[in-house]
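There are 2 protein chains.
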Amino acid sequence: MRENVGRPTIDDVAALAGVSRSAVSKVMNERGGISAKTAAAVREAAAKLKWVPSAAAVALRGARTRSVGMVIARSTDLLAADPYFAVMISGAEQVLAPLGYGLQLHLLGDDPEAEMATYRKLARERRVDGFLLTESRIGDPRFALLRDLGQQAVLIGIPWQDDPQPHVQSAAPLRGVLDTARHLLDLGHRRIAYVSGPDDRVHTVQRREAFVTALRESGVTPTIAGARRFDSLEARTITEDLLRMPDRPTAIVFANDMMALAGMGAAQRAGIDVPGSLSVVGYDDLPIGEWHYPALTTVAQDLAAIGAAAAVALLRLLGEERPGQQPDIPPTRLVIRESTGTAPPA
Amino acid sequence: MRENVGRPTIDDVAALAGVSRSAVSKVMNERGGISAKTAAAVREAAAKLKWVPSAAAVALRGARTRSVGMVIARSTDLLAADPYFAVMISGAEQVLAPLGYGLQLHLLGDDPEAEMATYRKLARERRVDGFLLTESRIGDPRFALLRDLGQQAVLIGIPWQDDPQPHVQSAAPLRGVLDTARHLLDLGHRRIAYVSGPDDRVHTVQRREAFVTALRESGVTPTIAGARRFDSLEARTITEDLLRMPDRPTAIVFANDMMALAGMGAAQRAGIDVPGSLSVVGYDDLPIGEWHYPALTTVAQDLAAIGAAAAVALLRLLGEERPGQQPDIPPTRLVIRESTGTAPPA
DNA sequence: GTGAAAGCGCTAACAT
DNA sequence: ATGTTAGCGCTTTCAC
């Protein structure tokens, strides 16, 4: 019962305005049926008292917490490596905050059990109205769980196997990789390697397949190397292996920028010139890529727009009337910088 | 009134266990005074129904939301550049989650007004029990605001002007920069530049002063360049300017890794060899620094430990009895890698 | 157009 | 040791 000092309740406002509780409630929730004069008095009283409805009381009464949950299960080092989420979240925030919604964030280690338990707990405690889901997985268990829990959720990405899970994604999710293939081909590369991320991610598989297909149409078969994690150490090891091959690739495409940068570092350390002897492409367009020397050619996706779009979609599901326009998410696009160049003469 | 289907209340549990509401409450909150037999029955009933107390009801009743707030006011591009916060948050989460606490995160743009408004709103709505504060600022307005609002808060960093604001910090916050000065001196560097962050941060000023003092003791006066923001573009521009000086520095120390990497890129692009002709030092020890070529010499601080310590301290303030030991935060430490080397002959 | 009254699910003081 | 009861602050019928 700490600090209840000074905190006004709806009754204080009603008293000050000389009206009843329900009048205050109606005014503040814009439910009409109140004379302009009374409404003005109420608003003035509320402002004077700096009264804001208690979230707990509202939630208890109406089963709406105005809070959405997001649980991210990634090891700390992967989190440290990649500013991916922060941008997405800040995009979502732009939509949530104006409507009075908050974001309950849980950053777990890479522990599927704990992850599921967290969803369950948040739902059972009724701490949130719905969830934002990221990193669509093959055989994703979250959709079923959340349906079970009666929770609304919007996935950022492509649901596995056409699951009806509501989701948002870029207007042209594969354009970036397709353009990458084209770009490399145009530069004369024929021995191309693709270092893909963990195979349990839907986008990993889709991008790799799109890339392979695109090359195959030009009669080129890329070397595929799969990392078990989105991991810089693995990127380095794989790159070293690739560069030791007899017919080593003249271009390597990585699943994300961090891996690309690690791979590029490995190549440079081995005395291989980028892009002179080896071209490197990333994915995500992290700011660091632009400042690196040589600057990284990569695929950009508008993470803030994706986060915002997901928030809007979720708010719609939650019955919010003014979540704003469902924003367009720009296509992914290849950003050509310095790390790709003409294939070295055979 | 959505989805109330299936959600059991405390009364359902009481009924199933054949006891009263209060008995259930006492058992679940371990408040004693209940026979072992009854307690067992209650627990079983709760488990069977998968009952978890409604957060809203608990909050309304007891004024404890079991939720802590964190508001971060940074522009999106700075967020994108720097995985700093994610690690700190995941450290805090390790402490919060086991005690049933959640984290309400707000990622705002760099807008002081909006930032203050967010604190106010969160406090007035009673959405959180307290706050975690980051990035201690000169003349920090948050301490007063939160005291005004009757909110508990723990600052991560050093409060401005010995404000009594509760805070946590590394065991030896300046050891890293001191060791950096020593390291550079040992390598024979005498023309040293220090690219500092925005001057409104307490740590920026402290680190710079510690660095300058340490060098001065050896009769060396560093060139100071101040960036207005923690910004890669500025880092690059400043580096270019520095390298154009008649007696250009042989070593540059940056306020953080992202700036250091950007600066190193600028130097390399200008054809300057690192570390042959220029040594570079960062701060933070982001993973990328390790994979970069040359790998970045930098100061490491254990962000996860800092986040965890802050969470423990806050939980203490909130009267939690078992927030765990107040963890030690390891000293900051210099990690010497490839980007620093012997000063080139004069 | 406005007010009175009934809870939402829980905890804690008070009875028994 | 256990049960009864009175709210926490709000929204929402339902009377007036």
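Listed in order, the protein sequences are those of chains A and B.
Just so we're on the same page, this note's numbering is the position in the first sequence counted from 1, plus 3.
Just so we're on the same page, this note's numbering is the position in the second sequence counted from 1, plus 3.
Even for Gly, the Cβ is constructed at its ideal location relative to N, Cα and C.
Owing to the predicted nature of the structure, the values given are computational and were not obtained by experimental measurement.
Under 8 Å by beta carbon: chain B residues contacting residue i
| i | result |
| --- | --- |
| E128(A) | V55, P56, S57, A58 |
CA-to-CA distance, residue j to residue i, given in whole angstroms
| i | j | result |
| --- | --- | --- |
| D113(B) | D80(B) | 11 Å |
| R185(B) | G200(A) | 41 Å |
| A50(B) | P326(A) | 38 Å |
| A120(A) | V74(B) | 26 Å |
| I309(A) | L110(B) | 15 Å |
| S38(B) | R67(B) | 28 Å |
| P333(A) | S57(A) | 38 Å |
| R219(B) | A346(B) | 18 Å |
| I161(A) | N259(A) | 18 Å |
| Y197(A) | R211(A) | 8 Å |
| K124(B) | V55(A) | 8 Å |
| G261(A) | L246(A) | Sequence inspection shows Met at residue 261(A); the Gly mentioned does not correspond to that position. Spanning the two alpha carbons is a distance of roughly 19 Å. |
| D287(B) | V61(B) | 40 Å |
| V131(A) | R77(A) | 21 Å |
| L289(A) | Q107(A) | 25 Å |
| E323(A) | K29(B) | 38 Å |
| S23(B) | Y122(A) | 29 Å |
| G153(B) | G72(B) | 14 Å |
| T301(A) | E243(A) | 21 Å |
| A83(B) | T137(A) | 17 Å |
| A228(A) | V277(A) | 20 Å |
| E237(A) | T183(B) | 30 Å |
| D189(B) | A273(A) | 29 Å |
| L63(B) | K53(A) | 19 Å |
| G193(B) | V338(A) | Position check: residue 193(B) holds Arg in this sequence, whereas Gly was assumed. Using only the alpha carbons, I get a separation of about 40 Å. |
| A117(A) | R129(A) | 18 Å |
| P101(B) | A89(A) | 24 Å |
| G353(A) | G344(A) | There is no way to answer for residue 353(A), as the model of chain A reaches only from 4 to 349. |
| G94(A) | L320(A) | 18 Å |
Three-state class that DSSP yields for residue i in the structure shown
| i | result |
| --- | --- |
| F88(A) | helix |
| G72(B) | strand |
| S28(B) | helix |
| L108(A) | strand |
| G94(A) | helix |
| Q155(B) | strand |
| V55(B) | coil |
| S342(A) | coil |
| D287(A) | strand |
| I161(A) | coil |
| I227(A) | strand |
| A196(A) | strand |
| G179(B) | helix |
| M4(B) | Bear in mind that a pLDDT of 33 at M4(B), under 50, signals an unreliable position, so the model cannot answer this. |
| V22(A) | coil |
| R10(A) | coil |
| A39(B) | helix |
| L281(B) | coil |
| V131(B) | coil |
| I255(B) | strand |
| A349(B) | coil |
| T335(A) | coil |
Residues that residue i contacts on chain A, provided the C-beta gap is smaller than 9 Å
| i | result |
| --- | --- |
| I92(B) | L82, L108, L110 |
| T12(B) | Those within 9 Å of T12(B) in chain A number zero; the least Cβ separation is about 11 Å. |
Where residue i meets chain B, residues with beta-carbon distance less than 7 Å
| i | result |
| --- | --- |
| Y296(A) | G268, Q271, R272 |
| L102(A) | The premise fails here: L102(A) is roughly 12 Å from chain B at the closest Cβ pair, so nothing lies under 7 Å. |
| T79(A) | V90, S93, A307 |
| A62(A) | A59 |
Partner residues on chain A for residue i, Cβ-Cβ distance less than 8 Å
| i | result |
| --- | --- |
| E96(B) | H109, L110, L111 |
Supposed close pair residue i, residue j - CB separation, criterion 8 Å
| i | j | result |
| --- | --- | --- |
| H170(B) | L158(B) | 4 Å |
| S235(A) | A265(A) | 4 Å |
| G268(A) | H206(B) | Actually they are not in contact, since the Cβ atoms of G268(A) and H206(B) sit about 29 Å apart, beyond 8 Å. |
| A48(B) | V16(B) | 5 Å |
Per-residue contacts from residue i into chain A (C-beta, under 7 Å)
| i | result |
| --- | --- |
| I291(B) | A84, M261, L264, I291 |
| K124(B) | V55 |
Amino acids of chain B, ordered along the chain, whose beta-carbon sits closer than 9 Å to that of residue i
| i | result |
| --- | --- |
| T343(A) | Neighbours of T343(A) on chain B: none; closest Cβ ~16 Å, over 9 Å. |
| L19(A) | None at all; the shortest Cβ gap to chain B is about 16 Å. |
Discussion item. By the 7 Å beta-carbon criterion, what residues does the region 200-215 of chain A contribute toward chain B?
Written reply: none
Worksheet entry | Within 7 Å of chain A by C-beta, residues of the region 256-276 of chain B in sequence order | M261, L264, A265, G268, Q271, R272
Worksheet entry | chain A contacts from the region 232-258 of chain B (Cβ-Cβ distance under 7 Å) | Under the 7 Å Cβ criterion, the region 232-258 of chain B contributes S235, R239.
Worksheet item: Closer than 7 Å, Cβ to any Cβ of chain B: which residues of the region 307-337 of chain A, in chain order?
Response: A307
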